[in-house]
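Everything in the sequence shown is counted per our numbering, starting at 28 for the first residue and increasing by one. Backbone N, C-alpha and C define an ideal beta-carbon position, used for all residues, glycine too. Below is one structure, written out as structure tokens, with a few remarks after it.
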Amino acid sequence: MKNSLWLILVALSCLFSCGSKEEKISNKPLSEQQFEFEIYDSLVVDYLGNLYLGDISPDGKTILLIQEFSDSILIINESGNILNHFTRKGDGPGFYKSGRLSPPVFLSNTEFAIPADRGLYCYDMDGNPTRSFFPTFYPTTSLINYFDQKTILHQGKIYYPWEGRLADSLGVEGRALQPLINRIEILDLATGLFSPALPFPKESKFSSSEVSYLNINYTTSLSSRSDTLFVSFRNDPNLYAYSFSNLDSPASVLPIPFPEHLPTQPKSADKYGQYEMPDLYVTSINAFEATEKNRFLISYSRGLKKEEYDEVFGLIAKDRKEGYKKLREINTSGMVIFDGKTLSSIIREPEELGHSFVFVSENEIWFTPDYDLVEKDYLVLYKTRLVSK
Numbered sequence: 028m029k030n031s032l033w034l035i036l037v038a039l040s041c042l043f044s045c046g047s048k049e050e051k052i053s054n055k056p057l058s059e060q061q062f063e064f065e066i067y068d069s070l071v072v073d074y075l076g077n078l079y080l081g082d083i084s085p086d087g088k089t090i091l092l093i094q095e096f097s098d099s100i101l102i103i104n105e106s107g108n109i110l111n112h113f114t115r116k117g118d119g120p121g122f123y124k125s126g127r128l129s130p131p132v133f134l135s136n137t138e139f140a141i142p143a144d145r146g147l148y149c150y151d152m153d154g155n156p157t158r159s160f161f162p163t164f165y166p167t168t169s170l171i172n173y174f175d176q177k178t179i180l181h182q183g184k185i186y187y188p189w190e191g192r193l194a195d196s197l198g199v200e201g202r203a204l205q206p207l208i209n210r211i212e213i214l215d216l217a218t219g220l221f222s223p224a225l226p227f228p229k230e231s232k233f234s235s236s237e238v239s240y241l242n243i244n245y246t247t248s249l250s251s252r253s254d255t256l257f258v259s260f261r262n263d264p265n266l267y268a269y270s271f272s273n274l275d276s277p278a279s280v281l282p283i284p285f286p287e288h289l290p291t292q293p294k295s296a297d298k299y300g301q302y303e304m305p306d307l308y309v310t311s312i313n314a315f316e317a318t319e320k321n322r323f324l325i326s327y328s329r330g331l332k333k334e335e336y337d338e339v340f341g342l343i344a345k346d347r348k349e350g351y352k353k354l355r356e357i358n359t360s361g362m363v364i365f366d367g368k369t370l371s372s373i374i375r376e377p378e379e380l381g382h383s384f385v386f387v388s389e390n391e392i393w394f395t396p397d398y399d400l401v402e403k404d405y406l407v408l409y410k411t412r413l414v415s416k
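Put into structure tokens, the structure is as follows:
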């Protein structure tokens with residue numbers, strides 16, 4: 028009895044101690060915390076080749092993976108067993124012909140969709156086409172990121188940043204277009220109808236009709252939480268929060284206090300026109316996720332100043348390895364946590380982790396490996412959580 032009581036007291040003591048430590052950490056400002064992705068589980072898939080994460084089904088039992096070179100799709104279960112492997116890029120009914128614009132996304136536990144450059148293509152778990160949706164205009168995108176999940180499903184509608192609705196009359200960029208374009212298309216899955224929504228907010232520099240911006244630098248990313256749609260533009264240091272019931276203007280604007288923000292430079296001409304590579308090396312929000320803790324996980328890059336760009340790429344021309352090492356040192360990149368006011372430092376990542384990930388919650392973030400470092404006869408998917416040290 029004495030031993031049992033002692034064990035209970037020790038357990039309670041440990042719980043109190045751990046709880047107090049966690050509370051102290053959580054009470055610290057984000058800027059004073061050091062976050063890291065902690066690997067606490069993994070899933071082995073018997074496959075030789077480079078695969079990237081697409082999406083995880085709502086019930087958590089099925090994972091979509093994309094083969095790097097063929098764009099084929101693997102469907103695996105929660106034990107890592109391959110259930111299906113097929114390719115739907117090509118010619119024929121239900122196939123997307125040119126290119127995928129972002130990762131596939133589950134619409135339900137038994138159906139997924141692929142946003143492509145003609146519309147939205149849907150399939151069942153055997154890869155059979157179920158339905159396709161095409162807008163009346165030819166959709167385009169200014170910058171393709173195959174790993175940024177931009178598809179939002181909300182109450183039977185798809186929200187996606189397809190562009191091109193006004194391209195026939197106004198082109199794809201320029202100061203005449205900026206005040207008139209909408210940044211997303213809403214697809215009603217019941218009717219198949221597309222409708223434009225979400226003009227540039229007046230708080231964004233990209234709403235200007237006075238100067239032209241490079242359209243790549245206002246590439247749009249989306250995330251959602253409950254009844255709120257969150258929006259970012261690549262070189263705009265703000266997150267915009269919208270009610271799904273009103274996408275005309277944001278309900279709130281959250282300025283992101285980046286340590287340094289290198290802005291894109293506009294042109295006074297009607298069109299931005301030709302651009303040079305330094306125009307792309309600005310501070311960039313590459314992707315972001317709204318978390319269940321009312322925070323945001325943001326992937327960003329600092330960018331390069333003009334003199335830094337000249338130095339780095341001059342070095343690359345002479346010594347490629349040293350040049351890219353210098354690029355990584357100057358162009359600080361990684362993921363940070365933003366709570367709406369303050370920003371954490373860059374989150375530490377175990378070297379095994381690659382850049383492809385699927386966010387479920389702060390306690391469940393899946394990563395594929397860094398294929399530059401890992402050479403194995405099988406694939407390991409890493410299950411991580413965000414922890415503060």
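Return yes when the Cβ of residue j is within less than 8 Å of the Cβ of residue i, no when it is not.
i      : j      : result
Leu274 : Leu342 : no
Ile109 : Tyr74  : yes
Leu220 : Ile171 : no
Leu57  : Leu370 : yes
Phe62  : Leu281 : no
Val401 : Glu376 : no
Ser270 : Asp254 : yes
Gly191 : Pro166 : yes
Ile374 : Phe122 : no
Leu70  : Leu408 : yes
Val59  : Gly87  : Rather than Val, the amino acid found at residue 59 in this sequence is Glu. Cβ distance not < 8 Å, so Glu59 and Gly87 don't count as in contact.
Asn265 : Val199 : no
Phe233 : Ala317 : no
Asn136 : Ser84  : yes
Val72  : Gly126 : no
Asp151 : Glu138 : yes
Just checking my contact of residue i with residue j at CB under 8 Å: how many whole Å lie between their CB atoms?
i      : j      : result
Tyr308 : Tyr336 : 6 Å
Ser248 : Asp366 : Not a contact, Cβ separation roughly 19 Å.
Tyr245 : Glu212 : That pair is no contact at about 16 Å.
Val363 : Lys353 : At roughly 22 Å, the Cβ-Cβ gap does not stay under 8 Å, so Val363 and Lys353 are not in contact.
Pro131 : Ala140 : 7 Å
Thr168 : Trp189 : 7 Å
Gly381 : Tyr398 : 6 Å
Asn358 : Ser328 : 6 Å
Which value, in whole angstroms, describes the spacing of the CA atoms of residue i and residue j?
i      : j      : result
Asp297 : Val385 : 40 Å
Gln94  : Lys410 : 20 Å
Glu419 : Gly330 : This structure does not reach residue 419, given that the chain is present from 28 up to 416, and the question cannot be answered.
Asp144 : Thr395 : 26 Å
Glu50  : Glu287 : Because Glu50 carries a pLDDT of 44, less than 50, the predicted location of this residue cannot be relied on, and no value is offered for it.
Phe481 : Lys416 : Summary: the structure shown does not reach residue 481, with the chain confined to residues 28 through 416, and so no result is reported for it.
Ser99  : Asn54  : 46 Å
Ser222 : Ala203 : 21 Å
Ala217 : Ser235 : 36 Å
Lys124 : Ser97  : 13 Å
Pro142 : Leu214 : 12 Å
Lys48  : Asn390 : Note on Lys48: pLDDT 43, under 50, position unreliable in the model; the coordinate value appears next. Cα-Cα distance, rounded: 18 Å.
Tyr267 : Lys345 : 43 Å
Ser372 : Pro120 : 48 Å
Ile90  : Gly361 : 25 Å
Lys469 : Leu324 : In the structure as shown, the chain begins at 28 and stops at 416. Residue 469 is therefore absent and cannot be evaluated.
Ile185 : Lys177 : 10 Å
Gly201 : Lys333 : 23 Å
Arg210 : Ser251 : 16 Å
Lys403 : Ile208 : 47 Å
Glu303 : Asn111 : 43 Å
Lys294 : Phe133 : 41 Å
Pro277 : Glu230 : 9 Å
Thr291 : Ile283 : 16 Å
I'd like the span of the alpha helix (DSSP H) that includes residue i, first residue to last.
i      : result
Leu197 : 194 to 197
Lys410 : Lys410 -> not in any alpha helix (DSSP H); beta strand (DSSP E) instead, spanning 406 to 415.
Thr355 : Going by the sequence as given, residue 355 is Arg instead of Thr. It spans 347 to 357 - the alpha helix (DSSP H) in which Arg355 sits, taken as one unbroken run.
List the endpoints of the continuous beta strand (DSSP E) containing residue i.
i      : result
Gly381 : 380 to 388
Gly81  : 78 to 83
Asp68  : 62 to 72
Asn111 : 109 to 113
Val280 : 279 to 282
Gln205 : From DSSP, Gln205 is part of no beta strand (DSSP E); its letter is neither H nor E.
Arg127 : First-last for Arg127: undefined, no H or E at that position.
His288 : Premise fails: His288 is in no beta strand (DSSP E) and is neither H nor E.
Phe233 : Per DSSP, Phe233 belongs to no beta strand (DSSP E) and is neither H nor E.
Ser326 : 323 to 328
Ser259 : 255 to 260
Trp189 : No beta strand (DSSP E) holds Trp189; DSSP gives it neither H nor E.
With a threshold of 8 Å between beta carbons, is residue i in contact with chain B?
i     : result
Gly81 : Looking at the structure shown, chain B is missing, and only one protein chain is on hand.
Examine the ligand ZN and report whether any of its heavy atoms sits within less than 7 Å of the Cβ of residue i.
i      : result
Leu413 : In the structure on display, the ligand ZN does not appear, and there are no ligands present to speak of.
*Report yes or no: do the segment 80 to 98 and the segment 375 to 390 share at least 3 C-beta pairs separated by less than 8 Å?*
yes
*asked:* Taking 8 Å as the cut-off, does the segment 259 to 275 touch the segment 312 to 328 (at least 3 CB pairs, one atom from each stretch)?
replied: yes
*Given 8 Å as the limit, is there contact between the segment 192 to 203 and the segment 152 to 165, that is, 3 or more CB pairs closer than that?*
yes
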